[in-house]
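With numbering that gives the first Met the number 0, letter number 178 in the sequence shown gets 177, and the count goes up by one each step, no holes. Ideal Cβ placement from N, Cα and C applies to all residues, glycine included.
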Amino acid sequence: MIIVMKPNATKEEIENVEKQLCELGFKTHPIFGEVKTVIGAIGDKRHLNTNIISTMPGVESIVPIMKPYKLASRELKQSPTIVEVGDVKIGGDEIVVMAGPCAIENEESYITTALKVKEAGAKILRGGAFKPRSSPYSFQGLEEDGLKIMAAGREATGLKLVTEVVDTRDVELVSSYTDIIQIGARNMQNFRLLKEVGMAKNPVLLKRGLSATIEEWLMAAEYIMDSGNPNVILCERGIRTFETSTRNTIDLSAIPVVKEFSHLPIVVDPSHASGTWKYVNALSKGAIATGADGLIIEVHLEPSRALCDGDQSLKPSKFAELMKELKPVASAVGKKL
0 MIIVMKPNAT KEEIENVEKQ LCELGFKTHP IFGEVKTVIG AIGDKRHLNT NIISTMPGVE
60 SIVPIMKPYK LASRELKQSP TIVEVGDVKI GGDEIVVMAG PCAIENEESY ITTALKVKEA
120 GAKILRGGAF KPRSSPYSFQ GLEEDGLKIM AAGREATGLK LVTEVVDTRD VELVSSYTDI
180 IQIGARNMQN FRLLKEVGMA KNPVLLKRGL SATIEEWLMA AEYIMDSGNP NVILCERGIR
240 TFETSTRNTI DLSAIPVVKE FSHLPIVVDP SHASGTWKYV NALSKGAIAT GADGLIIEVH
300 LEPSRALCDG DQSLKPSKFA ELMKELKPVA SAVGKKL
């Protein structure tokens, strides 16, 4: 349910409504607008006596939320959510680009890459310290040593960090080093992990599962938000279909659909979607044209020697060219880069 408060509702009236809802067993999520405050009430509606709530001072109306995802729904919050990562804002007028290697390999190459992607215009530095791989014999990442290298990259560039966490036991560790916690496609429905990052303070980048519907994806976001973390960034990274020409099939139609159903920002990962660097430019432009709030792109100094996903990584020079080409596309849809 959404409890819509009157424009002149006092702070005390709002708190009294929240208190009453909590006593009835509901979780409350107030959203303070410029004119009105609305209170999201999440719980068993059978326990809600609408007559009691509707007659409380300051209450204007009660509106049911029809979507199964409540906190992520546009029904609860009409205005787009802007996730702030320090001075970087994701979901606003600026396209935010995250870039860096798939996996952290060593400090020298990582910091060199970090400096180059910053020079090209990236605002967030990506990299994998923990790598969930299909084969147990593939490179699994440097773990905490990788996180330390990422921290050195942030120190050298001032860029914010995004990296993946794959285990509930590592959430506190990863949170202590990074600025954005990433949940990978394989873990989109790892509900214990979603709850754990929901209790962390860091914003969460939630990748869409390999075969997940948009509703399932938004329900995964709901787990994070219901656990107390409202700062969720959705990431479309391609879904698994019958097509074999690319690693995955990028679903650009998901961008406007998500924008209709949810207030959460959405970024696109053209590197994982295509599986080859040759298509990253075109897919990046398509993502911005269809309304994406940002991109996450893999960049490596020597892709042919990369320990992970070299085929889909851009060289720094190619990334710099792409950033220049994206500016007129962003401008055409009323955004800046």
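Under the three-state DSSP convention, the category residue i falls into
{"i": "Arg125", "result": "strand"}
{"i": "His299", "result": "coil"}
{"i": "Gln188", "result": "coil"}
{"i": "Lys26", "result": "strand"}
{"i": "Lys335", "result": "strand"}
{"i": "Glu104", "result": "coil"}
{"i": "Ile223", "result": "helix"}
{"i": "Met4", "result": "strand"}
{"i": "Met55", "result": "coil"}
{"i": "Phe318", "result": "helix"}
{"i": "Ser60", "result": "strand"}
{"i": "Thr49", "result": "helix"}
{"i": "Met97", "result": "strand"}
{"i": "Ala40", "result": "strand"}
{"i": "Gly293", "result": "strand"}
{"i": "Ile13", "result": "helix"}
{"i": "Thr177", "result": "coil"}
{"i": "Glu33", "result": "coil"}
{"i": "Lys76", "result": "coil"}
{"i": "Lys88", "result": "strand"}
{"i": "Glu143", "result": "helix"}
{"i": "Lys130", "result": "coil"}
{"i": "Cys234", "result": "strand"}
{"i": "Val165", "result": "coil"}
{"i": "Glu215", "result": "helix"}
{"i": "Glu242", "result": "coil"}
{"i": "Ile254", "result": "helix"}
{"i": "Thr248", "result": "strand"}
{"i": "Lys159", "result": "strand"}
{"i": "Glu204", "result": "The question names Glu, yet the displayed sequence has Leu at residue 204. Of the three classes helix, strand and coil, the one that applies to Leu204 here is strand, per DSSP."}
Cβ-Cβ separation, residue j to residue i (assumed contact under 8 angstroms), whole Å
{"i": "Met218", "j": "Tyr68", "result": "5 angstroms"}
{"i": "Gly293", "j": "Met97", "result": "7 angstroms"}
{"i": "Leu160", "j": "Leu204", "result": "11 angstroms between Cβ atoms; not a contact."}
{"i": "Thr112", "j": "Pro100", "result": "6 angstroms"}
{"i": "Ser273", "j": "Thr240", "result": "That pair is no contact at about 13 angstroms."}
{"i": "Phe138", "j": "Leu282", "result": "Actually they are not in contact, since the Cβ atoms of Phe138 and Leu282 sit about 26 angstroms apart, beyond 8 angstroms."}
{"i": "Gly126", "j": "Ile103", "result": "5 angstroms"}
{"i": "Ile38", "j": "Ile2", "result": "4 angstroms"}
Whole-angstrom distance between residue j and residue i, CA atom to CA atom
{"i": "Pro202", "j": "Val328", "result": "27 angstroms"}
{"i": "Pro29", "j": "His262", "result": "15 angstroms"}
{"i": "Gln19", "j": "Ala220", "result": "27 angstroms"}
{"i": "Leu158", "j": "Ser174", "result": "16 angstroms"}
{"i": "Leu75", "j": "Glu17", "result": "16 angstroms"}
{"i": "Arg304", "j": "Val82", "result": "35 angstroms"}
{"i": "Asn247", "j": "Pro56", "result": "53 angstroms"}
{"i": "Thr49", "j": "Gly32", "result": "23 angstroms"}
{"i": "Lys5", "j": "Ala40", "result": "17 angstroms"}
{"i": "Leu114", "j": "Pro302", "result": "17 angstroms"}
{"i": "Leu313", "j": "Leu23", "result": "54 angstroms"}
{"i": "Glu143", "j": "Leu172", "result": "8 angstroms"}
{"i": "Arg45", "j": "Met0", "result": "11 angstroms"}
{"i": "Arg236", "j": "Pro264", "result": "14 angstroms"}
{"i": "Lys326", "j": "Lys335", "result": "7 angstroms"}
{"i": "Arg153", "j": "Ile223", "result": "26 angstroms"}
{"i": "Tyr278", "j": "Pro269", "result": "8 angstroms"}
{"i": "Ser226", "j": "Glu195", "result": "8 angstroms"}
{"i": "Arg73", "j": "Asn105", "result": "43 angstroms"}
{"i": "Pro131", "j": "Val165", "result": "7 angstroms"}
{"i": "His299", "j": "Gly309", "result": "7 angstroms"}
{"i": "Gly85", "j": "Val95", "result": "13 angstroms"}
{"i": "Glu107", "j": "Thr27", "result": "48 angstroms"}
{"i": "Gly208", "j": "Gly91", "result": "25 angstroms"}
{"i": "Lys66", "j": "Glu215", "result": "12 angstroms"}
{"i": "Ser330", "j": "Lys323", "result": "12 angstroms"}
{"i": "Lys200", "j": "Val116", "result": "26 angstroms"}
{"i": "Asp250", "j": "Ile238", "result": "7 angstroms"}
{"i": "Val146", "j": "Ser78", "result": "It should be noted that the sequence gives Leu, not Val, for residue 146. Cα-Cα distance, rounded: 35 angstroms."}
{"i": "Thr36", "j": "Ile52", "result": "15 angstroms"}
{"i": "Tyr176", "j": "Cys234", "result": "21 angstroms"}
{"i": "Val332", "j": "Val266", "result": "15 angstroms"}
{"i": "Glu163", "j": "Thr212", "result": "22 angstroms"}
Contact test: residue i Cβ vs the ligand ADP heavy atom, cutoff 8 angstroms
{"i": "Pro255", "result": "Because no ligand of any kind appears in the structure shown, any question about the ligand ADP cannot be addressed here."}
Handout entry: Inter-stretch contact (C-beta, 8 angstroms, three-pair minimum) for the segment 48–60 and the segment 249–260
Key = no
Handout entry: Contact the segment 113–127 vs the segment 307–321: 3+ CB pairs below 8 angstroms
Key = yes
Handout entry: Inter-stretch contact (C-beta, 8 angstroms, three-pair minimum) for the segment 283–292 and the segment 243–257
Key = They touch, by the three-pair rule.
Exercise for the section: Please determine if the segment 135–142 and the segment 181–198 are in contact, where contact requires at least 3 C-beta pairs separated by less than 8 angstroms. Expected result: no
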